[in-house]
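Enquirer: Residue numbers (my numbering), protein chains in the order written: chain S, 53 to 62; chain L, 255 to 466. From the three backbone atoms N, C-alpha and C, an ideal C-beta is built for every residue, glycine too. Before anything else, here's the structure in question.
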Amino acid sequence: KYCNKKHDEL
Amino acid sequence: MNVFRLIGDMSHLAAIIILLIKIWRSRSCSGISGKSQLLFTAVFTCRYLDLFTNFVSIYNTTMKIFFLASSYATIYLIFMKFKATYNRNHDTFRFELLIVVSVILALLINHEFSATEILWTFSIYLEAVAILPQLFMITKTGEAESITSHYLFALGSYRGLYILNWIYRYYVEGHLDWIAVLSGIVQTGLYCDFFYLYITRVMKGKNLTLPA
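Now the structure itself:
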């Protein structure tokens, strides 16, 4: 499942 | 946050600090590619614009600010304060090409056609190849100081650890960002030759010299 709500990584 | 990402971030942080210490202590940036550092600064700048729009955590914000500030400090040291020691004539990789290709790819392959999303995607693609001028410089001179090789080892390990983090997140959280994952695999792959030399030479106390 694709999930890209926010970029929480650095 | 999982252990792979935490160690990855710490490795990234260590790389940046090692580089700053190397330049500051030796009062010299010899052996360091100013072009790679310019690319990393562009990467951080494009990616961390979301500092103003998207709060994740105190940790996230602090790290972003540190990465931005340290990359600009590195650029300042290389191109201004210690510019006499910068090996301009060995730093000849055509890095404009990397930027052009990353821009085109980011416009074509992204999650959403919006300014912030395209900048984020561009930063991911550019980061994957930003080390090439540095690796090219080492190939050209045939050697690297051991502190420079420690820097590269920490910097290369960081994205490799992120791959483990993505595998973990896929299984545990159902989270998968294939743009980051594929770029991260490319990025880590570029370090393969270097990792081999680092483990077989530098870890045994020898200098990093390339086989003739």
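Count the other C-beta atoms from every protein chain shown that fall within 10 angstroms of the C-beta of Phe309/L, then say buried if there are 16 or more, exposed otherwise.
Expert: As a first step, residue 309/L is located in the second sequence; it is residue number 55 there, counting from the start. So Phe309/L ends up on the exposed side.
Enquirer: Examine chain S for any beta-carbon lying closer than 7 Å to the beta-carbon of Trp278/L, and answer yes or no.
Expert: The count along the second sequence starts at 1 and reaches residue 278/L at position 24. Closer than 7 Å: no.
Enquirer: For Asn256/L, would you say it is in contact with chain S, using Cβ-to-Cβ distances shorter than 7 Å as the test?
Expert: In the second sequence, the residue the question calls residue 256/L occupies position 2. For Asn256/L, the answer is no, since every Cβ of chain S falls outside 7 Å of its Cβ.
Enquirer: Got a sec? Which residues, its chain only, sit under 6 Å from Ser325/L by beta carbon, not counting five neighbours each side?
Expert: Position 71 of the second sequence, counting from 1, holds the residue named residue 325/L. Within the same chain, Ser325/L has close Cβ partners Phe294, Thr295, Phe298.
Enquirer: Scan the region 313-329 of chain L for residues whose Cβ lies nearer than 9 Å to a Cβ of chain C and list them as they occur along the chain.
Expert: As a matter of chain content, chain C is missing from the structure shown, whose protein chains are S and L.
Enquirer: Can you name the residues of chain S whose CB is closer than 8 Å to the CB of Arg259/L?
Expert: On the second sequence, residue 259/L is found 5 positions in, with the first residue counted as 1. Those within 8 Å of Arg259/L in chain S are Glu61.
Enquirer: Could you check how far apart the C-beta atoms of Tyr445/L and Gly410/L are, in whole angstroms? I think they sit under 8 Å.
Expert: Start at 1 with the first residue of the second sequence, and residue 445/L comes out as number 191. Start at 1 with the first residue of the second sequence, and residue 410/L comes out as number 156. About 3 Å; that satisfies the 8 Å criterion.
Enquirer: With a 10 Å radius around its C-beta and 16 neighbouring C-beta atoms as the bar for buried, classify Ser368/L as buried or exposed.
Expert: As a working note, residue 368/L is residue 114 in the second sequence. That one is exposed.
Enquirer: Excluding the 5 residues preceding and the 5 following Tyr54/S in the sequence, name in chain order all residues of the same chain whose CB lies nearer than 8 Å to its CB.
Expert: Mapped onto the first sequence, residue 54/S falls at position 2. For Tyr54/S, the predicted structure reports a pLDDT of 43, less than 50, and the residue's modelled location is therefore unreliable. A value from the coordinates is still provided. No residues qualify anywhere along the chain.
Enquirer: Tell me which residue opens and which closes the alpha helix (DSSP H) that Ser325/L is part of.
Expert: Working through the second sequence from its first residue, we reach residue 325/L at position 71. Here the alpha helix (DSSP H) through Ser325/L covers 312-330.
Enquirer: If you reduce the DSSP assignment to three classes, tell me which class Leu359/L lands in.
Expert: Start at 1 with the first residue of the second sequence, and residue 359/L comes out as number 105. The answer is helix: DSSP assigns Leu359/L an H, G or I state.
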